[in-house]
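Protein chains: 2
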Amino acid sequence: MTAKITPSRNITMVELARLAKVDVSTVSRALNDSPLVKPDTKKHILKIAAETGYAVNASARNLRKQSSGAIGIVIPMRPDSGQTISDPFYLEMVGAVSHAASKHGYDLIISVPTGENEIAERRLLQTGRADGLIVIGQAGRSERLNALGIMRDKVVVWGGHTGQQKYTLVGSNNLEGGRLAGEHLLSIGRKRILFLGDIDLPEVALRYDGLKQAHLDAGTRHDSKLVLDLDFGGRRAFDALQDLIVDGVTFDAVFGASDVLAMAAIHALQAKGLMVPGDVSVVGYDNIGQSSVSTPALTTIDQNIAMGGERMVELLLRKLDGKKVKSEMMPTRLIVRQSCGG
Amino acid sequence: MTAKITPSRNITMVELARLAKVDVSTVSRALNDSPLVKPDTKKHILKIAAETGYAVNASARNLRKQSSGAIGIVIPMRPDSGQTISDPFYLEMVGAVSHAASKHGYDLIISVPTGENEIAERRLLQTGRADGLIVIGQAGRSERLNALGIMRDKVVVWGGHTGQQKYTLVGSNNLEGGRLAGEHLLSIGRKRILFLGDIDLPEVALRYDGLKQAHLDAGTRHDSKLVLDLDFGGRRAFDALQDLIVDGVTFDAVFGASDVLAMAAIHALQAKGLMVPGDVSVVGYDNIGQSSVSTPALTTIDQNIAMGGERMVELLLRKLDGKKVKSEMMPTRLIVRQSCGG
DNA sequence: GTTAAAAATACAATCGATTGTGATCCTACA
DNA sequence: TGTAGGATCACAATCGATTGTATTTTTAAC
Numbered sequence: 056m057t058a059k060i061t062p063s064r065n066i067t068m069v070e071l072a073r074l075a076k077v078d079v080s081t082v083s084r085a086l087n088d089s090p091l092v093k094p095d096t097k098k099h100i101l102k103i104a105a106e107t108g109y110a111v112n113a114s115a116r117n118l119r120k121q122s123s124g125a126i127g128i129v130i131p132m133r134p135d136s137g138q139t140i141s142d143p144f145y146l147e148m149v150g151a152v153s154h155a156a157s158k159h160g161y162d163l164i165i166s167v168p169t170g171e172n173e174i175a176e177r178r179l180l181q182t183g184r185a186d187g188l189i190v191i192g193q194a195g196r197s198e199r200l201n202a203l204g205i206m207r208d209k210v211v212v213w214g215g216h217t218g219q220q221k222y223t224l225v226g227s228n229n230l231e232g233g234r235l236a237g238e239h240l241l242s243i244g245r246k247r248i249l250f251l252g253d254i255d256l257p258e259v260a261l262r263y264d265g266l267k268q269a270h271l272d273a274g275t276r277h278d279s280k281l282v283l284d285l286d287f288g289g290r291r292a293f294d295a296l297q298d299l300i301v302d303g304v305t306f307d308a309v310f311g312a313s314d315v316l317a318m319a320a321i322h323a324l325q326a327k328g329l330m331v332p333g334d335v336s337v338v339g340y341d342n343i344g345q346s347s348v349s350t351p352a353l354t355t356i357d358q359n360i361a362m363g364g365e366r367m368v369e370l371l372l373r374k375l376d377g378k379k380v381k382s383e384m385m386p387t388r389l390i391v392r393q394s395c396g397g
Numbered sequence: 056m057t058a059k060i061t062p063s064r065n066i067t068m069v070e071l072a073r074l075a076k077v078d079v080s081t082v083s084r085a086l087n088d089s090p091l092v093k094p095d096t097k098k099h100i101l102k103i104a105a106e107t108g109y110a111v112n113a114s115a116r117n118l119r120k121q122s123s124g125a126i127g128i129v130i131p132m133r134p135d136s137g138q139t140i141s142d143p144f145y146l147e148m149v150g151a152v153s154h155a156a157s158k159h160g161y162d163l164i165i166s167v168p169t170g171e172n173e174i175a176e177r178r179l180l181q182t183g184r185a186d187g188l189i190v191i192g193q194a195g196r197s198e199r200l201n202a203l204g205i206m207r208d209k210v211v212v213w214g215g216h217t218g219q220q221k222y223t224l225v226g227s228n229n230l231e232g233g234r235l236a237g238e239h240l241l242s243i244g245r246k247r248i249l250f251l252g253d254i255d256l257p258e259v260a261l262r263y264d265g266l267k268q269a270h271l272d273a274g275t276r277h278d279s280k281l282v283l284d285l286d287f288g289g290r291r292a293f294d295a296l297q298d299l300i301v302d303g304v305t306f307d308a309v310f311g312a313s314d315v316l317a318m319a320a321i322h323a324l325q326a327k328g329l330m331v332p333g334d335v336s337v338v339g340y341d342n343i344g345q346s347s348v349s350t351p352a353l354t355t356i357d358q359n360i361a362m363g364g365e366r367m368v369e370l371l372l373r374k375l376d377g378k379k380v381k382s383e384m385m386p387t388r389l390i391v392r393q394s395c396g397g
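Respectively, the protein sequence lines represent chains A and B.
Residue numbers for the first sequence follow the working numbering, so the first one is 56 and each next one is one higher.
Residue numbers for the second sequence follow the working numbering, so the first one is 56 and each next one is one higher.
See below:
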């Protein structure tokens, strides 16, 4: 582990060329492993490069190659507070995308649009800082995404497949996920399932559709009054659900559109003296790390975040390569834990 | 909301100059609001720039200016699994840093070092992709950080102040935070406080030191057997704590080095039939969003993540500007919620 | 109405790499 | 030994901006 002493100033390619007694063009080709340079020379140059700790200047390279070697990831913010949504789902997604990006030699630029610079995403592309964009979630921006116009071939979005989108979409099979959750709750004898989530979001709407589908499959219908329209934030869910209980709305199960919502629901129920899963069964969505250590452990729908992040990067790079790609759905599966009883 | 149609190819500065019938140098100065160009001309150029949707090419600009306009943020991974640590703390920190960075006109490049490319951080700096680095957490890398050598003046680290670090450090006052937690638990009559966390991490060690200090202040001593050495992951805490209970270790309070740990502890206790706060009081650390909606709501130490992120960016930019800066501590405060009883 | 000074603009070098093309070297074959 | 042709390498243009300096235009003062 003899860490090379970093020279005070970064060495440039002409200096490297001078040291190796060759032209810069040869150095460039050697570093890029071109067949145009003799193996011996190549070795010689690489050795000197290693000794001097040479690293190619990204700006120069990008300028010449007309690409940035970076992709941008856009994660949403809570519109009101200006705070990042603290749902661990996003962090896991960022981690997955970051991992995939670096595997392909790309950097990841994170962009959290605030109210003023809503076009930060566009700027990333237009200034050439990022070659492409990955947008997590369609929150309040589905139409904006459709309006991306010419940029469409540089963007991949994570969200729900409604069939209306003009952009490339990757997401879990939300309909199936919702159906699985509903099917499970109905199969253990639950009859009145409260749905928690922001129906305006395509991915959430699909999960709800899946829940309704499960009812139809079982020969029943979901009571449309059993929908608590909420954003993803756990705090509001916690309060709203307690209000609902006070109002006397009755239900024997809760299906949360995210694990964070479901966990908030569990706590709200417990705070009101209801037993989970004794009185009420609860199912979440995402399978975030914490869902397995809640009390009771949360039954949830796994949407394979790692695979999703990976696929988004792959599809984006293919698009950037000029290839046509199609939207994709990640498989979902039901993870049964204690929060449902049965 | 008349979104400008983006031209198929991005327009360049010479084309803009041609359109405005001036030299590129004048365009450049106009866009940078130089006093060398007449206000009228400036307005004229800016108008055309807006019409054409011109955006300055980042690579060219950075090449010329010898800076990238970006800072890198390094967040740790679980060394074993290769998975991102799913502690919401990191996401909130990324959000805060991202916000501060964009406020200063900087992009944020996220880097999640994996086993192989541990030097990804260095690469970011050496290739000029990032002007500086923000490293979140000292996990297993304190010595590596000290070894950064010449890069030290381009790095700011979030972590605990042990007095040994050679790098610029920002962090909450961990000692005081730990003391506050201990003081509170002792003040409500708790005697045997179990500490949860990875003592190898400077920030965690300091929190533990604070806990011991609180005992001394109260005229008692902390039983050193009441330390459960854990990494930040909640899953392991959940299991280990249950094992501890089975082993018959007795305690009447838990102080977790993070909210995630504390919440896992609550669930482990409940799973073993212990009441929180009836039998055991619990205090966490971080004040993440979810801590207010757990059952019972978590008493915790707030470390003002937003301010911390902001300060790190400010200090880093100051360093990049050649100025000397000193490490800083963010104030901490106790947030009392139900998990302690009393 | 000159002219000196100030203001505004144009010219040209430069940042550090990549890459098409031209120059040189070497091998092999006649 | 001469030379065709491939293997290497050097030369030079280029990517798109910034900035020091030269040049032109305008202003102001006499």
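Don't be surprised by glycine CBs; every beta carbon is placed ideally from N, CA and C.
As the structure is a prediction and not an experimental result, all values here were calculated from the model.
Hey, how far is the Cα of S80 (chain B) from the Cα of A110 (chain B)?
16 Å
Own chain, CB closer than 6 Å to S153 (chain B), minus 5 neighbours either side, in chain order:
L163
Would you check if the stretch 243-255 of chain B and the stretch 271-284 of chain B touch, i.e. whether three or more CB-CB distances between them fall below 8 Å?
yes
Segment limits, alpha helix (DSSP H) that includes A125 (chain A)
Counting along the chain, A125 (chain A) falls outside any alpha helix (DSSP H), though it belongs to the beta strand (DSSP E) covering A125 to V129.
Note the first and the last residue of the continuous alpha helix (DSSP H) segment covering A115 (chain B).
A113 to K120
Taking I343 (chain A) as the query, report the chain B residues whose CB atoms sit under 7 Å from its CB, ordered along the chain.
S141
Do you know how far the Cα of I103 (chain B) is from the Cα of L74 (chain B)?
8 Å
Tell me which residue opens and which closes the alpha helix (DSSP H) that G218 (chain B) is part of.
Premise fails: G218 (chain B) is in no alpha helix (DSSP H) and is neither H nor E.
Given this structure, state the Cα-to-Cα distance separating R116 (chain B) from Q181 (chain A), to the nearest angstrom.
13 Å
Name the residues in the stretch 252-280 of chain B whose C-beta lies less than 7 Å from a C-beta of chain A; which are they?
none
Since I believe Y340 (chain B) is in contact with S313 (chain B) (beta carbons under 8 Å), could you give me their beta-carbon distance rounded to a whole number of angstroms?
5 Å
Where the beta strand (DSSP E) containing F250 (chain A) begins and where it ends
I248 to G252
Going by the CB atoms, is the gap between Q358 (chain B) and I227 (chain B) shorter than 7 Å?
Note on identity: in this sequence residue 227 (chain B) is Ser, with Ile being the wrong assignment. Yes, these two residues count as a Cβ contact at 7 Å.
With distances taken Cα to Cα, identify the nearest neighbour of L240 (chain A) among A:L261, A:A319, A:A151 and A:P332.
A:P332
Can you list the residues of chain B that Y145 (chain A) reaches, using a CB-CB cut of under 7 Å?
L146
CB contact check: D186 (chain A) to chain B, cutoff 7 Å
no
In whole angstroms, what separates the C-alpha of D147 (chain A) from that of D298 (chain B)?
A small correction: the amino acid at residue 147 (chain A) is Glu; Asp does not occupy that position in the sequence shown. Going by the C-alpha atoms only, they are around 28 Å apart.
Assign P386 (chain A) to buried or exposed, taking buried as 16 or more other Cβ atoms, counted over all protein chains shown, within 10 Å of its Cβ.
exposed
Residues from the stretch 349-364 of chain B in contact with chain A, defined by Cβ distance under 7 Å:
S349 and T350
Along the stretch 151-169 of chain A, what residues have a CB closer than 8 Å to any CB found in chain B?
A151, S153, H154, S157, D162, L163, I164, I165, S166, V167 and T169
For R245 (chain A) and S336 (chain A), believed in contact at Cβ under 8 Å, the rounded distance:
5 Å
If you run the structure through DSSP and keep just helix, strand and coil, what is D18 (chain B)?
The question about residue 18 (chain B) has no answer here: the residues shown for chain B are numbered 56 through 397.
Reduced DSSP secondary structure (H/G/I, E/B, other) of L321 (chain B):
With the sequence shown as reference, residue 321 (chain B) is identified as Ile, and Leu is not the correct amino acid for it. Looking at I321 (chain B) - three-state DSSP - the assignment turns out to be helix.
Take the Cβ of S136 (chain B) as the centre, count every other Cβ of all protein chains shown within 10 Å, and call the residue buried at 16 or more, exposed below.
Any reading at S136 (chain B) must be qualified, since the residue scores a pLDDT of 46, below 50, and its modelled position is unreliable; the value itself is stated next. So S136 (chain B) ends up on the exposed side.
Using a C-beta cutoff of 7 Å, does R207 (chain B) count as contacting chain A?
no
Quick one, which residues of the stretch 320-331 of chain A are near chain B if we go by CB-CB under 9 Å, in chain order?
I321, H322, A323, L324, Q325 and A326
Where are the beta strand (DSSP E) runs, 3 residues long or more, that stay fully inside the stretch 324-356 of chain B, in chain order?
336-341
Between the alpha carbons of N172 (chain B) and A273 (chain A), how many angstroms are there, rounded?
The predicted model places N172 (chain B) with a pLDDT of 49, which falls under 50 and marks its position as unreliable, so this point remains unresolved.
Taking the straight line between their C-alpha atoms, what separation do you get for I321 (chain A) and K158 (chain B)?
38 Å
Residues bridged to I388 (chain A) (per DSSP):
It is worth fixing the name first, because residue 388 (chain A) is Arg in this sequence and not Ile. Paired residues: A:D357.
At least one CB of chain B closer than 7 Å to the CB of S114 (chain A): is that the case?
yes
Could you work out which residues of chain A lie near A110 (chain B), taking near to mean beta carbons separated by less than 7 Å?
R178, Q181 and T182
Just to confirm before moving on: does the CB-CB distance between G192 (chain A) and P257 (chain A) stay below 7 Å?
no
Range of the contiguous beta strand (DSSP E) that encloses I165 (chain B):
D162 to S166
How many angstroms separate the CA atom of L230 (chain A) from the CA atom of R177 (chain A)?
31 Å
Suppose you measure from the CA of D88 (chain B) to the CA of L101 (chain B); what does that come to, to the nearest Å?
10 Å
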